[in-house]
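If you're matching them up, the sequences are chains A and B in order.
In terms of our numbering, the first sequence has 218 at position 218, counting the first letter as 1, and numbering is strictly consecutive.
In terms of our numbering, the second sequence has 1054 at position 54, counting the first letter as 1, and numbering is strictly consecutive.
No residue lacks a Cβ here, since even glycine has one placed at the ideal position from N, Cα and C.
Below: the structure, in structure tokens.
Number of protein chains: 2
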Amino acid sequence: MAAAAPPPPPTPAAITLPDPTPTGQPVFARVRLGNASDVPHIHKLIHQMAVFERLSHHFSATEASLSSTLFTSPPFQSFTIFILEVSPNPFPPTIPPHPLFSPITQIAPLDLPINDPEKEAFRSHNSGGLDVVIAGFVLFFPNFSTFLGKPGFYVEDLFVRDCYRRKGFGKMLLSAVAAQAVKMGYGRVEWVVLDWNVNAIKFYEEMGAKVLQEWRICRLTGEALQAYGSAHN
Amino acid sequence: MAAAAPPPPPTPAAITLPDPTPTGQPVFARVRLGNASDVPHIHKLIHQMAVFERLSHHFSATEASLSSTLFTSPPFQSFTIFILEVSPNPFPPTIPPHPLFSPITQIAPLDLPINDPEKEAFRSHNSGGLDVVIAGFVLFFPNFSTFLGKPGFYVEDLFVRDCYRRKGFGKMLLSAVAAQAVKMGYGRVEWVVLDWNVNAIKFYEEMGAKVLQEWRICRLTGEALQAYGSAHN
């Protein structure tokens, strides 16, 4: 993870210090496994993502549809969610350990306190009385490479709420998935990006990913998919 | 799927009918669930696919790596394989039924008997004394659309052996996955295609699929992936 850039002087009149030690508020960040109690927050995050991508007309997920399809199998066997939490205080080790995953914590030294206008709506159920807010998530699941003869992870969605962007949290979430893949002996982590999103492509390439230029996704959905339902039922 | 055409006359000496009914040998085709006993055949099929795609230098799957990663969870929950079998004889209903899937059978009226030079190597373990040969497979697994709030299927590989191509068997396998998605209430079936493979793209579009032109696959693998292993372990 890249360290945060040194902060600007606190006031224009302040002496510029030679030491780049951040003087602002530290933010404690934690990546933990999501669970069924996170569904209302996950639903809100997905909706924000749809709005951000100007695709909210394609958004039809409900809390009920997410509840019936997510968290129905153990983590990493199928759809898995990592939740990003932030707090002005260190995280106590209150989460029961999972045999395959321990929460990842990190301190982000920021130059300014983050003003989160939706703090109350995203307060974490796992806060244990502390000031813990859900800032983002990543949803991933196993895929399979027949050539490698082993699984990988496919990252379906990664989202960080507006006021927490450009602080390294997206990289923290994606790195957590990559680290988990290595830990489990998996061969690949894959995801997709829009070809015109040059900033995202640059970011991913700097993380070590290759962008496959020749492959195109084929999608069978809606009525064209439903037409196959009558043939074999 | 189109309904199977009526069978040809029983002997070559029969009167030639004015309608375009094929006069050759019918081939009975069946799509069934793969299981652990299919691994040696699946391994051979994947190897043939790698050779066909001129990517055999990327092929490192072994029977052991496939055995340890496939068929470790119930069908459709994770990696799932449909096997395509062909036979000159009708299939007896010898496969125990699965609650979520019944084998799909179809009669392909061909104008010539298929000369399969690898018949012995691909003889099916489920043949029950009949002349049943494994002709192809499709490997797929659940993916997830956060916008739809429900799963879909991702088709990782579809392969039909050389002598069985251009006979509708690829479509039979892909249609079986689509039908299963509809049966399970899933929202999408997705796969990838190379952008220069115009014949495949035409075939998929005729099946009702849309080719997404703007999305690119990002892949983190090899040493670039391994580098994330040390960060959080």
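Check, Outcome
"I'd like the list of long-range same chain contacts for A:E63, defined as Cβ closer than 7 Å, with 5 residues on each side in sequence excluded.", "V39, P40 and H43"
"Round the Cβ separation of B:R1032 and B:E1085 to the nearest angstrom and send it over; I've been treating them as touching at under 8 Å.", "7 Å"
"So the alpha helix (DSSP H) B:T1069 belongs to, where does it begin and stop?", "E1063 to T1069"
"Could you tell me if A:N115 is buried or exposed, where buried requires 16 or more neighbouring beta carbons within 10 angstroms of its beta carbon?", "exposed"
"With 7 Å set as the bound, which would you pick, yes or no: does the beta-carbon of B:V1192 sit closer than that to a beta-carbon of chain A?", "yes"
"Compare the Cα-Cα distances from B:E1156 to each of B:P1113, B:W1191, B:S1145 and B:G1170 and report the closest residue.", "B:W1191"
"Please report the residue range of the beta strand (DSSP E) in which B:N1197 lies.", "Where B:N1197 is concerned, there is no enclosing beta strand (DSSP E), given that its DSSP letter is neither H nor E."
"Once DSSP output is grouped into helix, strand and coil, what is the label at A:P109?", "strand"
"One question on the structure: do A:L148 and B:S1056 come within less than 7 Å of each other, judged by their Cβ atoms?", "no"
"Output the residue ranges of the alpha helix (DSSP H) runs that lie fully inside the stretch 1158–1183 of chain B and measure 4 residues or longer, sorted by chain position.", "1169–1183"
"Please list, in chain order, all residues of the same chain as A:G187 whose beta carbon is under 6 Å from its beta carbon, the five residues on each side excluded.", "S145, L148, K150 and G152"
"Please report how far the alpha carbon of A:P88 lies from the alpha carbon of A:A29, in whole angstroms.", "9 Å"
"Select from the stretch 53–64 of chain A all residues with a C-beta closer than 8 Å to any C-beta belonging to chain B, and list them in chain order.", "L55, H58, F59, S60, A61 and T62"
"Measuring only the C-alpha atoms, how far is B:L1220 from A:I201?", "13 Å"
"Alpha carbon to alpha carbon, what distance is there between A:T80 and A:F137?", "10 Å"
"Is A:V86 close to chain B, meaning its C-beta is less than 7 Å from at least one C-beta of that chain?", "no"
"Would you check if the stretch 209–220 of chain A and the stretch 1201–1212 of chain B touch, i.e. whether three or more CB-CB distances between them fall below 8 Å?", "yes"
"Between which two residues does the alpha helix (DSSP H) holding B:L1033 run?", "Segment P1026 to L1033 is the beta strand (DSSP E) holding B:L1033; no alpha helix (DSSP H) there."
"Spell out the partners DSSP gives B:V1211 in its beta bridges.", "A:C218"
"Does DSSP put A:P142 in a helix, a strand or coil?", "strand"
"Would you kindly work out how many angstroms separate the C-alpha atoms of A:A176 and A:P92, rounded to a whole number?", "20 Å"
"Rounded to the nearest angstrom, what separates B:I1095 and B:D1111 at their Cα positions?", "29 Å"
"Contact check, B:V1027 vs B:A1108 under 8 Å by CB: the rounded distance?", "5 Å"
"Name, please, each residue of chain B whose Cβ falls closer than 8 Å to the Cβ of A:V133.", "Chain B residues near A:V133: none, gap ~21 Å exceeds 8 Å."
"Among residues of its own chain, excluding the 5 on either side of A:F101, which ones have a beta-carbon nearer than 7 Å to its beta-carbon?", "L33, P75 and Q180"
"Is the separation between the beta-carbon of A:N165 and that of A:A135 shorter than 7 Å?", "Here residue 165 of chain A turns out to be Arg, not Asn, going by the sequence shown. No, they are not a contact pair."
"Please work out which residues of its chain come closer than 6 Å, Cβ to Cβ, to B:A1178, disregarding the five sequence neighbours upstream and downstream, and give them in chain order.", "V1189"
"In chain order, what residues of the same chain have a beta carbon less than 7 Å from the beta carbon of A:V51, not counting five sequence neighbours either side?", "none"
"Quick check on A:E120: does DSSP put it in helix, strand or coil?", "coil"
"Distance check for A:Q106 and A:H98, CA to CA, integer angstroms please.", "19 Å"
"With a threshold of 16 other CB atoms inside 10 Å of the CB of A:T21, please say whether the residue is buried or exposed.", "Caution is warranted here: a pLDDT of 49 is assigned to A:T21, below 50, making its placement in the model unreliable, and the coordinate value is therefore given only provisionally. When all chains shown are included, A:T21 counts as exposed."
"Find the nearest neighbour of B:L1212 within the set A:F159, A:I46 and A:V193, judged by alpha-carbon distance.", "A:V193"
"How is A:G229 classed by DSSP in three states: helix, strand or coil?", "helix"
"Got a sec? Which residues, its chain only, sit under 6 Å from A:A36 by beta carbon, not counting five neighbours each side?", "F71"
"Taking Cβ positions only, does B:G1208 come closer than 7 Å to chain A?", "yes"
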